[in-house]
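In order, the protein sequence lines correspond to chains A and B. Per our numbering, the first sequence runs over residues 1 to 167. Per our numbering, the second sequence runs over residues 168 to 950. Glycine included, each C-beta is placed from N, C-alpha and C at the ideal position.
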Amino acid sequence: MRRRVAITINGTRYEHEVEPRLLLVHYIREQAGLTGTHVGCDTSNCGACTVELDGHSAKACTMFAVQADGAEVTTIEGLAEGSTLHPLQQAFWDEHGLQCGFCTPGMIMAAKQMLERNPNPTEREIRIGLEGNICRCTGYHNIVKAIQSAAKVMATGAEVKAPASVS
Amino acid sequence: MAISQMVGASIKRREDPRLVTGSGRYVDDISQTAVAHMHVVRSTEAHARILSIDTTRAKEADGVVAVFTGKDLKPDFGAPLPVTVCFVPDKKYPEHYPIAVDKVYYVGEPVAIVVASSRAAAEDAGERIDIRYESLPPVTDIEKAIEKDAPVLHEGLGSNLSYDTKFSAGDMEAALKEADVRIKQRLIQQRLIPIAIETRGVLADYRRFENKLTVYSSTQIPHFVKVWEAVILGIPESNVRVVAPEVGGGFGSKIRVYPEEILTALASKKLGRPVKWIEDRNENVKATHHGRSQIWDVEIAAKKDGTVLGIRPTQWLDLGAYCSQFGTFQVLGMLVAQGAYKMKAFDGRAVGVFTNRTPTDAYRGAGRPEATYLIERVMDLVARETGVDPVEVRRKNFVRAEDQPFTTLLGLTYDSGDYTVTLNKALEMVDYKGLRREQAEKRKQGKYLGIGLSTYIEICGLGPAAATQAATGVSLWGMSVVNIHFTGKATVIIGSSPHGQGHETTYAQVASDVLGIPVEDIDVVHGDTAIGPMGMDTYGSRSTALDGNAVHISAMKVQEKAKKIAAHLLEAAEGDIVYENGKAFVKGTPSKAVTIQEIAVAAFQTNRIPKGMEGGLEATTFFDPSNFVWPFGAHIAVVEVDPETGATKILRYVAVDDVGNRINPMVVDGQLHGGIAQGIGQALFEEAVYDEAGQLRTGSMVDYLVPTAADLPTFELAATVTPSPVNPLGTKGVGEAGTIASSPAVINAVVDALAPFGVKDITMPATPEKVWQLMHRNGGTGR
């Protein structure tokens with residue numbers, strides 16, 4: 001028994017017949033072909049699969065695709081405008097907020113939602129806000145710095161630097 | 168070597184734009200036409216004989232392509248999985264094939280594989296396989312494993328003992344006689360699960376009519392995997408290509424040739440189509456190797472002024488169900504357990520045993536965290552027993568700058584270092600004296616502050632022939648190729664295989680300085696054996712000390728050749744040519760220079776280069792230095808324990824590390840942050856718990872606690888720089904330093920906080936429950 005779903009991802013509408021047991025994260029990765037959203041734990045602990053769904057953070061491994069029928073989803077691929085990075089992407093780069101990069105898309109998507117709800121968080125609020133996202137490489141030190149730095153940029157609406165190739 | 172323009176600069180990583188936009192390609196992101204999906208059916212028993220496996224119903228299931236059991240596949244294996252010598256040449260170990268045939272030895276061991284049109288179909292069919300086991304009594308305890316009546320895992324070995332080896336020098340009995348203070352202590356290195364956030368995964372593509380195999384694997388060691396795919400599956404090594412694409416963390420857990428790497432390739436070979444296997448987290452916690460799992464017993468001889476005369480450590484290592492490829496690498500802990508200190512006697516014994524649990528192997532630090540935990544706890548135990556301040560005990564016993572290069576009792580030679588300098592800097596940063604006053608004040612108010620030190624040294628840069636031949640009989644080297652293109656741009660091929668360390672950036676910095684070619688014009692290629700067939704890969708904080716320096720040396724060779732060509736073009740003597748910033752000119756006349764682009768063009772036109780010179784502008788280096796490199800540092804943790812809940816809060820974490828010259832300080836600091844966090848994880852949170860039946864009870868990230876952002880403080884870092892004398896860049900290593908240093912710093916702090924309760928030791932992880940129990944034992948007096 002397959003069900004028809006229509007999900008808008010990063011502004012593009014996708015329609016597919018899917019098995020009801022298909023997870024949203026697998027829909028995003030395999031049907032929409034957007035592999036920036038990662039699977040890290042299968043138990044909604046690590047947050048590597050975090051996406052934005054109708055204005056909220058959602059762990060895409062903890063939802064069925066059919067539950068997202070009609071929803072608007074934003075994934076990591078939907079943040080940059082052309083070659084201009086989103087302030088959070090830029091800040092993660094500037095502050096060395098990533099190493100292996102596997103948790104990074106989910107981390108950035110979670111941070112985006114955090115800053116939309118609390119544009120000027122304290123360090124403690126950032127750390128608590130990230131409890132649903134696990135990074136094994138950075139010790140979170142530079143992730144916290146990146147989010148603080150992005151918050152400043154986003155709050156002042158400061159011009160975002162165009163991504164230079166290096167330096 | 169002087170730190171010049173790019174080396175020493177914290178430039179941003181060129182890896183990151185693809186990673187922050189979700190365009191990195193990890194194994195599961197690679198698609199292939201007609202790919203089939205493999206599911207591994209795993210043992211649910213810790214120790215059992217396989218009576219029968221009925222695959223009939225699975226083969227009939229929707230979408231199934233093939234089902235194979237161990238019996239089906241055994242004839243295809245030309246060799247068992249590899250095991251390396253690693254410090255104990257006399258060890259006994261069983262042959263380990265990628266899939267169980269007659270017996271299973273741990274929960275999670277592969278028993279059958281299903282290949283189907285989709286992963287879901289493969290998993291569904293796996294449920295329809297009927298496996299009958301005859302349960303055998305499991306061995307789940309290190310000490311019980313070698314009791315006389317213990318059930319034996321591998322009958323052919325006669326017992327569960329793999330090795331029992333002495334590592335001794337000096338007269339420990341004399342040291343004990345001379346001692347005022349004798350202490351015996353047991354220290355537990357609990358079993359840890361590495362939890363790289365990307366699990367393992369393999370995509371294998373065998374082309375039958377070419378007899379060629381391509382394997383994409385989430386691995387730290389593509390070059391080793393290439394060798395063993397060839398040997399085990401009987402394909403010429405020259406026909407095997409292994410690619411480590413984007414790899415989402417390793418920490419040692421992707422350092423061995425795994426059963427699934429062979430099984431996926433074999434399935435592809437048998438079926439003649441690409442096969443993909445992606446580990447899920449439930450598999451990962453059992454099927455990817457674990458770390459640590461050791462008991463250390465130590466006897467200490469010291470004088471009442473805090474001088475340590477000798478130690479007698481015994482390491483009981485739980486190898487798990489098999490001897491993994493680098494399973495006895497942890498014995499390195501014995502070799503470096505003398506730490507940063509002088510002593511007269513070292514009487515070590517290393518024992519390895521088999522148990523019915525997931526095999527253990529390297530996990531961030533691999534032996535060095537164990538050694539450091541031992542010796543740094545020893546320093547604090549001596550301090551407590553003698554009443555001498557832990558700082559003074561360390562100072563009293565330190566190897567001094569004038570002792571360098573210092574040779575340990577077991578014969579390893581440290582390359583350089585002044586350990587008092589890092590210690591002093593760290594003490595100053597935390598205001599040690601002020602903290603001790605604050606601690607005394609707070610104790611009066613019923614608040615318990617603890618201060619813990621760890622003045623570690625570690626060994627990196629595995630492993631130069633001159634220094635390893637005696638111990639292991641093997642040597643490893645660094646490798647690079649630097650190739651200048653027609654247009655003067657460079658390709659740098661390296662033998663290391665980064666998975667988060669940023670070699671694409673840092674090695675370009677190294678080459679850029681030598682060649683004067685901008686970083687953005689230098690492509691650093693790694694992890695594809697079709698492009699760079701030779702390499703010793705990435706583990707043990709070895710890459711920069713070896714491959715990074717190999718890049719420097721190859722670039723120097725290219726520069727030398729460029730100078731020869733420039734001399735020819737400028738009609739000057741070679742000795743008069745200066746090479747600077749990508750240009751060659753006769754000394755004193757920089758205005759008449761030829762650029763690297765011009766030299767490159769000439770290099771490809773043999774009429775424009777000196778007679779007899781080969782064309783091209785390329786150099787290859789196999790770098791085998793004279794010694795290991797020895798980073799060191801001083802870490803100080805300040806904690807407060809809550810008497811109500813037993814929770815430990817890290818108030819401050821100060822780290823002063825000396826990793827030699829730093830190519831990119833930002834990247835170095837990042838390595839330290841992550842390393843410190845992992846060591847804190849071991850100290851306070853993480854433990855793989857098995858029950859007596861050999862079932863893993865911490866089988867998901869719900870039960871196995873990896874630290875979150877809220878559990879950790881901001882780290883306060885500083886550096887001193889003592890260049891290594893054994894490589895041209897003067898670099899050491901940093902990948903594991905944080906982890907090596909931080910567990911003992913945190914535990915020393917927790918024990919210090921609990922000192923008013925008479926506590927002299929606590930077993931890792933120092934969970935709130937353990938801390939609370941220690942504070943409330945004997946009716947709340949704690950004593």
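**Prompt:** Should proline 105(A) be flagged as near chain B, meaning a C-beta pair shorter than 8 Å?
**Reply:** Indexing the first sequence from 1 puts residue 105(A) at position 105. Chain B, which has a Cβ nearer than 8 Å to the Cβ of proline 105(A), makes this yes.
**Assumed close pair asparagine 523(B), tyrosine 272(B) - CB separation to whole angstroms, cut-off 8 Å** = Sequence index remark: in the second sequence, residue 523(B) carries index 356 (1-based). Sequence index remark: in the second sequence, residue 272(B) carries index 105 (1-based). With a Cβ gap of about 6 Å, asparagine 523(B) and tyrosine 272(B) count as contacting.
**Message:** Is it buried or exposed, alanine 150(A), if we count other Cβ atoms within 10 angstroms and call 16 or more buried?
**Reply:** One-based indexing of the first sequence puts residue 150(A) at position 150. Per the 10 Å Cβ criterion, buried.
**Prompt:** At least one CB of chain B closer than 8 Å to the CB of glycine 82(A): is that the case?
**Reply:** Reading the first sequence from its first residue, position 82 is the one you call residue 82(A). Judged by the 8 Å Cβ criterion, glycine 82(A) is not in contact with chain B.
**Request:** Check whether the segment 438 to 458 of chain B touches the segment 508 to 517 of chain B, counting contact only when three or more Cβ pairs, one atom from each stretch, lie closer than 8 Å.
**Result:** no
**Request:** Please report how far the alpha carbon of aspartate 598(B) lies from the alpha carbon of glycine 55(A), in whole angstroms.
**Result:** Counting from one through the second sequence, the residue named residue 598(B) turns up at place 431. Counting from one through the first sequence, the residue named residue 55(A) turns up at place 55. In a straight line, the C-alpha of aspartate 598(B) is about 47 Å away from that of glycine 55(A).
**Request:** Take histidine 214(B) and list the residues in its own chain whose beta-carbon comes closer than 6 Å to its own, dropping the five residues that flank it on each side.
**Result:** For the purposes of this step, residue 214(B) is identified with residue 47 of the second sequence, where counting begins at 1. Counting only Cβ-Cβ distances below 6 Å, and skipping sequence neighbours, we find Leu303, Pro305, Asn523.
**Collapsed DSSP secondary structure at valine 255(B) in the structure displayed** = Within the second sequence, numbered from 1, the residue matching residue 255(B) stands at position 88. Three-state result, valine 255(B): coil.
**Item:** Environment of aspartate 570(B) [buried if 16+ CB atoms lie within 10 Å]
**Value:** In the second sequence, the residue the question calls residue 570(B) occupies position 403. Answer is exposed; the Cβ neighbour count stays below 16.
**Request:** Report the residue from Gly742(B), Leu879(B), Ala411(B) whose alpha carbon sits nearest the alpha carbon of glycine 846(B).
**Result:** Here residue 846(B) refers to the residue found at position 679 when the second sequence is read from its first residue. Minimum Cα distance to glycine 846(B) is reached at Leu879(B).
**Item:** As assigned by DSSP and simplified to three states, the class of glycine 11(A)
**Value:** Counting from one through the first sequence, the residue named residue 11(A) turns up at place 11. The answer is coil: DSSP assigns glycine 11(A) none of H, G, I, E or B.
**Asked** When DSSP builds the beta bridges, which residues end up paired with glutamine 849(B)?
**Response** In the second sequence, counting from the first residue as 1, residue 849(B) sits at position 682. DSSP lists no partner for glutamine 849(B).
**Message:** Just verifying my parser: in three-state terms, what is the DSSP assignment at leucine 320(B)?
**Reply:** Stepping through the second sequence from its first residue, residue 320(B) is reached at position 153. Leucine 320(B) falls in the coil class under three-state DSSP.
**Prompt:** Any C-beta of chain A sitting closer than 8 Å to the C-beta of tyrosine 674(B)?
**Reply:** Residue numbering aside, residue 674(B) sits at position 507 when the second sequence is read from its first letter. It does not: the Cβ of tyrosine 674(B) has no partner Cβ on chain A nearer than 8 Å.
**Asked** Among all the DSSP beta bridges, which residues are the ones paired with glutamate 72(A)?
**Response** The sequence position of residue 72(A) within the first sequence is 72, counting from 1. Looking at the DSSP assignment, glutamate 72(A) forms a beta bridge with Thr8(A).
**Message:** Less than 8 Å between CB atoms is the rule here; does methionine 168(B) satisfy it with respect to chain A?
**Reply:** Stepping through the second sequence from its first residue, residue 168(B) is reached at position 1. The predicted position of methionine 168(B) is uncertain, since its pLDDT is 42 and thus under 50; no value can be drawn from it.
**Asked** Would you say alanine 162(A) reaches chain B, if we count a Cβ-Cβ gap shorter than 8 Å as a contact?
**Response** Mapped onto the first sequence, residue 162(A) falls at position 162. Note that alanine 162(A) scores 46 on pLDDT, short of 50, meaning its location in the model is unreliable and no value can be drawn from it.
**Request:** Determine, using beta carbons only, whether leucine 370(B) comes closer than 8 Å to chain A.
**Result:** Locating residue 370(B) in the second sequence gives position 203, where the first residue counts as 1. No - not a single Cβ of chain A is within 8 Å of the one on leucine 370(B).
**Item:** Backbone CA spacing between isoleucine 170(B) and asparagine 831(B) [nearest angstrom]
**Value:** The residue labelled residue 170(B) in the question sits at position 3 within the second sequence. The residue labelled residue 831(B) in the question sits at position 664 within the second sequence. Interpretation of isoleucine 170(B) is limited by its pLDDT of 45, a score under 50 that renders its predicted location unreliable; the figure taken from the coordinates is listed afterwards. Cα-Cα distance, rounded: 11 Å.
**Request:** Measure the C-alpha to C-alpha separation of threonine 156(A) and asparagine 120(A) and round it to an integer number of angstroms.
**Result:** Your numbering for residue 156(A) matches position 156 in the first sequence. Your numbering for residue 120(A) matches position 120 in the first sequence. Cα to Cα, threonine 156(A) sits roughly 11 Å from asparagine 120(A).
**Asked** So what's aspartate 774(B) in DSSP terms, helix, strand or just coil?
**Response** The residue labelled residue 774(B) in the question sits at position 607 within the second sequence. Note that residue 774(B) corresponds to asparagine in the displayed sequence, not to aspartate. In the structure shown, asparagine 774(B) sits in a helix (DSSP, three-state: H, G or I).
**Item:** Inter-residue Cα distance where the pair is valine 414(B) and glycine 667(B)
**Value:** Residue 414(B) sits at position 247 when you count from the first residue of the second sequence. Residue 667(B) sits at position 500 when you count from the first residue of the second sequence. Looking at the two C-alpha atoms, the distance is approximately 7 Å.
**Prompt:** Relative to the C-alpha of valine 725(B), which residue among Asp680(B), Ile689(B), Ala786(B) is closest?
**Reply:** To locate residue 725(B), count along the second sequence from 1; it is residue 558. Out of Asp680(B), Ile689(B), Ala786(B), Ala786(B) has the C-alpha closest to the C-alpha of valine 725(B).
**Interface partners of phenylalanine 882(B) on chain A, CB under 9 Å** = In the second sequence, residue 882(B) corresponds to position 715, counting from 1. Going along chain A in sequence order, the residues near phenylalanine 882(B) (Cβ under 9 Å) are Gly139, His141.
**Message:** I'd like the span of the alpha helix (DSSP H) that includes leucine 430(B), first residue to last.
**Reply:** Stepping through the second sequence from its first residue, residue 430(B) is reached at position 263. Taken as a continuous stretch (DSSP letters only), the alpha helix (DSSP H) holding leucine 430(B) covers 426 to 438.
**Message:** Does asparagine 142(A) come out as helix, strand or coil in the three-state DSSP assignment?
**Reply:** As a position in the first sequence, residue 142(A) is number 142, starting the count at 1. Here asparagine 142(A) sits in helix by DSSP.
**Request:** Taking isoleucine 280(B) as the reference, give the member of Gly237(B), Arg299(B), His263(B), Val274(B) with the closest Cα.
**Result:** Here residue 280(B) is taken as the residue at index 113 of the second sequence, counted from 1. Checking every option, the nearest Cα to that of isoleucine 280(B) belongs to Gly237(B).
**Asked** Is there at least one Cβ from chain A nearer than 8 Å to arginine 180(B)'s Cβ?
**Response** The residue given as residue 180(B) occupies position 13 in the second sequence. Interface residue, yes.
**Request:** Inspect the beta-carbon positions of valine 18(A) and valine 66(A) and report whether they are closer than 8 Å.
**Result:** Walking along the first sequence from the start, residue 18(A) turns up at place 18. Walking along the first sequence from the start, residue 66(A) turns up at place 66. The answer is yes: Cβ separation under 8 Å.
**Message:** Counting C-beta neighbours from all protein chains within 10 Å, is the total for serine 758(B) 16 or more, i.e. buried, or is it exposed?
**Reply:** In the second sequence, the residue the question calls residue 758(B) occupies position 591. When all chains shown are included, serine 758(B) counts as exposed.
**Neighbouring residues, chain B, relative to glutamine 89(A) (Cβ below 7 Å)** = Reading the first sequence from its first residue, position 89 is the one you call residue 89(A). The contacting residues are Val187, Thr188.
**Asked** How would you write the range of the beta strand (DSSP E) that asparagine 650(B) sits in, first residue to last?
**Response** Residue 650(B) sits at position 483 when you count from the first residue of the second sequence. Asparagine 650(B) -> beta strand (DSSP E) spans 645 to 651.
**Asked** Helix, strand or coil: which one does DSSP assign to glycine 905(B)?
**Response** Position 738 of the second sequence holds residue 905(B). It is helical.
**Request:** Report yes if the CB atom of glycine 900(B) is closer than 8 Å to the CB atom of valine 835(B), and no otherwise.
**Result:** For this step, residue 900(B) is matched to residue 733 along the second sequence. For this step, residue 835(B) is matched to residue 668 along the second sequence. Not a contact, by the Cβ cut-off of 8 Å.
**histidine 666(B): contacting residues in chain A (beta-carbon distance under 7 Å)** = Here residue 666(B) refers to the residue found at position 499 when the second sequence is read from its first residue. What histidine 666(B) touches in chain A: Cys100.
**Prompt:** Ends of the alpha helix (DSSP H) at leucine 548(B)?
**Reply:** Within the second sequence, residue 548(B) is the residue found at index 381, counting from 1. Residues 535 to 553.
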